[in-house]
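Okay, structure first, notes after.
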């Protein structure tokens, strides 16, 4: 349902059918479902496809942002609803950028690069023109590419000057983009994306929110298949909030159950998420 809504928002002939109440009601249901099933905070499953990346990305960012907002514990249901809605609509300005530019495998011209850089402002302008969202949501959309050190865009805000919603959206946006297969790069492993976020804490990302994200969001969700460092594949059975990079697994082909946090498994690691 969320994918259909985001898809319609991107279509010139369909977006007028998507009312503000439709966006908010759907965002509230997502937030309520995540609040009710907190285990999902440790066991996120991807919705991802190489095609129609923008729609899947918007839904992933909405869910990840809501998860992080819940864990931060500073937002009530209405605020979480608006944060989730911001995730759903944060990239709607991409509708004004041609697909061949967004998906280019070549270096962009300066004109094309400036258009891509403007998509956050284009998203803000679109939402301000066609809807009546509050300032928190609009600021989150406008500022989700700002960097904590002030080197982002479009306004080069830094630190606490960047809206709270935008600082959350930034982490969710980068994590999902890194772990997605895009025309101009293959997917980074979830652990590689975590390493990137940790390495850029205080540079791109709010340090407190980045630390919370890494501690609370499952990198290898229960039920997924992973590749191990010894060449085997395994099924993830259980995650622990103490060490989300080292879950309990069931290794193929013999079905051995291994807790990667145990001393016996200290030399074994997950290399990548397969399914």
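In my numbering, the protein residues as written are -6 to 268.
All residues carry an ideal CB built from backbone N, CA and C; glycine is no exception.
| said: If I measure Cβ to Cβ from residue 131 and keep anything under 8 Å in the same chain, skipping five residues before and after, which residues do I get? | reply: 117, 120, 121
| said: From the DSSP secondary-structure annotation, give me the bridge partner or partners of residue 114. | reply: None, per the DSSP bridge assignment.
| field | Rounded Cβ spacing between residue 81 and residue 16 (contact assumed at less than 8 Å) | value | 6 Å
| Would you call residue -3 buried or exposed, if buried means 16 or more other Cβ atoms sit within 10 Å of its Cβ? | exposed
| task | Take every Cβ of the segment 135 to 143, pair it with every Cβ of the segment 169 to 180, and state whether three or more of those distances are shorter than 8 Å. | result | no
| field | Whole-angstrom C-beta distance between residue 219 and residue 227, which should lie under 8 Å | value | 6 Å
| Do you know how far the Cα of residue 2 is from the Cα of residue 35? | Residue placement at residue 35 is poorly supported in this model, since its pLDDT is 43, which falls under 50; the coordinates are not used for a value here.
| field | Runs of beta strand (DSSP E) lying entirely within the segment 36 to 105, each at least 3 residues, in chain order | value | none
| task | Indicate the three-state DSSP secondary structure (helix, strand or coil) for residue 198 in the structure shown. | result | strand
| request: May I ask you to verify whether the segment 150 to 164 touches the segment 235 to 247, counting CB pairs closer than 8 Å and requiring at least 3? | output: no
| query | Under three-state DSSP, which class holds residue 259? | reply | coil
| message | Let me check understanding here. Comparing Cα to Cα, which of 79, 257, 215, 205 lies closest to residue 129? | response | 79
| query | Distance, Cα to Cα, residue 101 vs residue 146? | reply | 17 Å
| request: Counting only the same chain and skipping the five closest in sequence on each side, list residues whose C-beta sits under 8 Å from that of residue 181. | output: 171, 172, 189
| request: Find the nearest neighbour of residue 77 within the set 9, 105, 186, 22, judged by alpha-carbon distance. | output: 22
| message | For a test of your reading of the model: does the CB of residue 261 fall under 8 Å from any non-hydrogen atom of the ligand ADP? Yes or no. | response | As far as ligands go, the structure on display features none, and thus does not contain the ligand ADP.
| task | Measure the CB-CB distance between residue 202 and residue 27 and report whether it falls below 9 Å. | result | no
| query | Where does the unbroken beta strand (DSSP E) through residue 247 begin, and where does it stop? | reply | Counting along the chain, residue 247 falls outside any beta strand (DSSP E), and DSSP gives it neither H nor E.
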